[in-house]
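Chains as they are written, first to last, in this note's numbering: chain A, 57 to 385; chain B, 57 to 385.
Each remark here refers to the structure printed beneath this line.
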């Protein structure tokens with residue numbers, strides 16, 4: 057990878073240069089220690105450049121039309137004089153070993169718009185979960201003047217929790233369906249959602265979509281409001297007919313305003329930062345400790361015995377921690 | 057604390073002596089290193105003594121009638137020739153600094169029954185959460201021949217997740233109510249529940265309870281079934297009129313049988329053991345590392361700067377891990 061100076065990155069971001077933005081994200085994702093050093097400097101310089109942005113996480117089962125929605129919704133936002141960045145997050149990408157094919161093809165109009173920036177999930181990022189650098193990529197996008205940063209989950213599983221830990225507004229996208237069809241929604245994801253958008257509310261499905269909305273509202277009504285005082289909203293939308301974008305944006309804007317007024321918007325970002333810090337420190341500690349051969353051997357051996365029922369959890373923990381004590385003394 | 061030998065504990069548990077059981081739980085909760093050594097030995101000896109037991113977690117907002125239910129349900133189970141242990145879990149007890157007042161008074165009949173054992177939340181247990189020893193207390197109860205171990209959440213907050221991590225069946229108790237009244241239920245808790253029991257389904261409230269049940273079933277119908285294939289059930293009950301205990305027990309027994317047949321019952325206990333091991337090791341590592349003054353100082357300082365926005369998470373993590381590297385080398 058060609059190396060650039062800190063000033064190159066800072067100037068480029070300030071002048072909203074998306075080529076530099078792309079390089080900065082690549083730098084942050086790099087596992088080379090010299091790159092990491094520069095990345096730390098860069099990230100520290102652009103701190104606090106983001107109070108005006110809104111970070112939106114979008115999830116939904118494959119086929120629900122997330123890409124078409126983001127394509128249409130992103131174009132709508134650009135008409136409202138916003139600049140829109142789209143990041144994809146995929147904790148499984150280490151397994152597939154490559155970038156998500158066709159991200160730019162999927163969002164053809166948006167990807168050609170100079171007010172938009174689309175970043176496919178990087179093949180360079182190792183390890184999903186806690187070592188994922190999407191959080192840093194968000195900060196870089198904001199430093200490059202993007203007002204709206206959309207983080208899209210790709211694949212299924214634990215990415216929803218990860219995305220939720222770094223966005224302001226979490227949007228769940230579903231398609232019209234009766235109760236049985238909606239069974240793909242995990243309750244835990246429903247719980248995270250600030251808004252549910254029923255896509256494909258057009259043509260033959262328009263009526264079904266309305267019924268889905270009222271079913272969902274009834275179901276949501278049974279549950280406790282979140283601690284923030286925000287009640288999950290449900291909106292209809294058709295990416296095909298470019299219908300409902302304004303309503304979705306209004307929902308997000310109202311959420312943002314309400315959270316600003318009760319002080320929870322920035323509080324949430326601070327809390328997210330602190331738990332992100334804790335997670336990364338814990339992860340780093342574990343990596344350093346388990347890179348010690350003796351310790352990793354003890355952990356593996358005792359873990360196997362806990363699994364087979366030969367060793368109690370209590371005794372296994374003691375054995376591992378005794379070894380750590382030896383290493384540290 | 058008077059000290060006893062390993063054989064004293066083992067013989068006592070084998071002969072189902074509840075005085076010895078109480079002392080064994082106290083031993084396991086002790087933070088003295090000699091006690092911890094003996095506790096490890098004891099826990100390792102009683103491993104695998106529990107395949108026939110069922111562990112039931114019970115949660116619900118204060119006033120819903122958990123104690124009356126456990127009193128009645130426990131007595132019902134004893135009539136079915138079961139021995140019933142009741143443990144209370146309260147991660148906030150470190151703050152209140154004492155045992156839950158009146159646990160035995162709340163369950164007067166049950167506490168007098170020789171086939172029952174009630175353990176109030178111990179004032180001796182330090183730190184809630186990961187350092188909590190309720191999981192070990194369950195194992196000791198099982199070693200003392202208790203077939204049914206009920207773990208009751210006391211207080212509100214994170215205890216539900218903790219209880220869920222150590223039981224086979226998670227039961228949410230609510231009272232009859234319309235949609236609005238049910239708003240006290242957090243979606244996340246709803247997600248964990250294998251069964252929901254509507255208590256106080258008697259007298260004037262019997263009709264309302266039936267409607268609550270159908271409302272709940274409709275709501276649950278909208279969500280995905282759990283990975284285990286078990287669909288959350290809803291049962292009516294009146295602790296006052298001793299009504300519904302058989303149905304609740306049937307639900308739990310069916311769950312147990314189904315999980316045994318698909319192999320998930322023991323698998324879940326193994327998984328619980330492994331994550332409990334991981335949590336305790338991680339917690340122990342953090343305790344050892346942060347007991348180093350220099351490191352805890354760096355963590356505290358950088359954490360403060362992350363909070364105030366002076367330092368990026370990335371840079372803060374690097375600073376902490378550099379210090380760890382120094383300590384380990």
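Every residue, glycine too, gets a C-beta built ideally from N, C-alpha and C.
{"Asked": "Nearest residue (CA-CA) to residue 97(A), options 189(A), 65(A) and 106(A)", "Found": "65(A)"}
{"Asked": "Under 8 Å between C-beta atoms of residue 115(B) and residue 264(B)", "Found": "no"}
{"Asked": "Distance between residue 144(A) and residue 334(A) (C-alpha atoms, nearest Å)", "Found": "24 Å"}
{"Asked": "Residue 184(A) classed as buried or exposed, judged by whether at least 16 other C-beta atoms fall within 10 angstroms", "Found": "Confidence in residue 184(A) is poor, its pLDDT being 48 and thus under 50, which makes the residue's placement too unreliable to answer from."}
{"Asked": "Segment limits, beta strand (DSSP E) that includes residue 141(A)", "Found": "140-145"}
{"Asked": "Chain-ordered neighbours of residue 333(B) on chain A, where CB pairs are closer than 8 Å", "Found": "358, 359, 362, 369, 372 and 373"}
{"Asked": "Beta carbon proximity, residue 349(B) to chain A, threshold 8 Å", "Found": "no"}
{"Asked": "Unbroken stretches of the beta strand (DSSP E), 3 residues or longer, contained in the stretch 197-221 of chain A", "Found": "204-209"}
{"Asked": "Enclosing alpha helix (DSSP H) for residue 290(B) [first to last residue]", "Found": "Taken as a continuous stretch (DSSP letters only), residue 290(B) belongs to no alpha helix (DSSP H), being part of the beta strand (DSSP E) at 289-292."}
{"Asked": "Nonlocal neighbours in the same chain, by C-beta distance under 6 Å from residue 345(B), ignoring five residues either side", "Found": "351"}
{"Asked": "DSSP beta-bridge partners of residue 227(B)", "Found": "114(B) and 251(B)"}
{"Asked": "Where residue 260(B) meets chain A, residues with beta-carbon distance less than 8 Å", "Found": "Per Cβ cutoff of 8 Å: no residues; residue 260(B) is ~22 Å from chain A at best."}
{"Asked": "Contact residues within the stretch 84-96 of chain B, judged by C-beta distance below 7 Å to chain A", "Found": "95 and 96"}
{"Asked": "Contacts around residue 188(A), its chain only, beta-carbon distance under 6 Å, and the 5 residues preceding and following it disregarded", "Found": "none"}
{"Asked": "Cut-off 7 Å between Cβ atoms - residues of its own chain near residue 298(B), not counting five sequence neighbours on either side", "Found": "128"}
{"Asked": "Status (buried if at least 16 other CB within 10 Å, exposed otherwise) for residue 255(A)", "Found": "buried"}
{"Asked": "Sub-8 Å separation of residue 292(B) and residue 204(B) beta-carbons", "Found": "no"}
{"Asked": "Identity of the residues DSSP links to residue 172(A) by a beta bridge", "Found": "140(A)"}
{"Asked": "Residue-level contact to chain B via CB, residue 171(A), 8 Å cutoff", "Found": "no"}
{"Asked": "Reference residue 224(B), options 365(B), 111(B) and 278(B), closest by Cα", "Found": "111(B)"}
{"Asked": "Among 199(A), 247(A), 376(A) and 325(A), the one whose alpha carbon lies nearest that of residue 349(A)", "Found": "376(A)"}
{"Asked": "For residue 299(B), the residue or residues it bridges with in DSSP", "Found": "294(B)"}
{"Asked": "Presumed contact (8 Å Cβ cut-off) between residue 384(A) and residue 320(B), rounded CB distance", "Found": "Residue 384(A) to residue 320(B), Cβ: 39 Å. No contact."}
{"Asked": "Bounding residues of the alpha helix (DSSP H) (the contiguous stretch that carries residue 256(B))", "Found": "Element bounds for residue 256(B): n/a, residue is neither H nor E."}
{"Asked": "Reduced DSSP secondary structure (H/G/I, E/B, other) of residue 184(B)", "Found": "Reliability fails at residue 184(B), whose pLDDT of 48 lies under 50, so the model's placement of it is uncertain and no value is given."}
{"Asked": "Three-state secondary structure (DSSP) of residue 81(B)", "Found": "helix"}
{"Asked": "Enclosing alpha helix (DSSP H) for residue 384(B) [first to last residue]", "Found": "369-384"}
{"Asked": "Close-in-space but distant-in-sequence residues of the same chain around residue 295(B) (CB under 8 Å, 5 per side omitted)", "Found": "121, 124, 125, 127, 128, 129, 255 and 256"}
{"Asked": "Whole-angstrom C-beta distance between residue 196(B) and residue 103(B), which should lie under 8 Å", "Found": "Not confirmed; about 12 Å, so no contact."}
{"Asked": "8 Å CB neighbourhood of residue 379(A) in its chain, flanking five on each side removed", "Found": "350, 351 and 354"}
{"Asked": "Under 9 Å by beta carbon: chain A residues contacting residue 35(B)", "Found": "In the structure displayed, chain B extends from 57 to 385; residue 35(B) sits before or after that span and is not available."}
{"Asked": "Whether residue 206(A) touches residue 140(A) by CB criterion (8 Å)", "Found": "yes"}
{"Asked": "Extent of the continuous alpha helix (DSSP H) run through residue 89(B)", "Found": "89-101"}
{"Asked": "Residue 263(A), enclosing alpha helix (DSSP H) - first and last residue", "Found": "262-277"}
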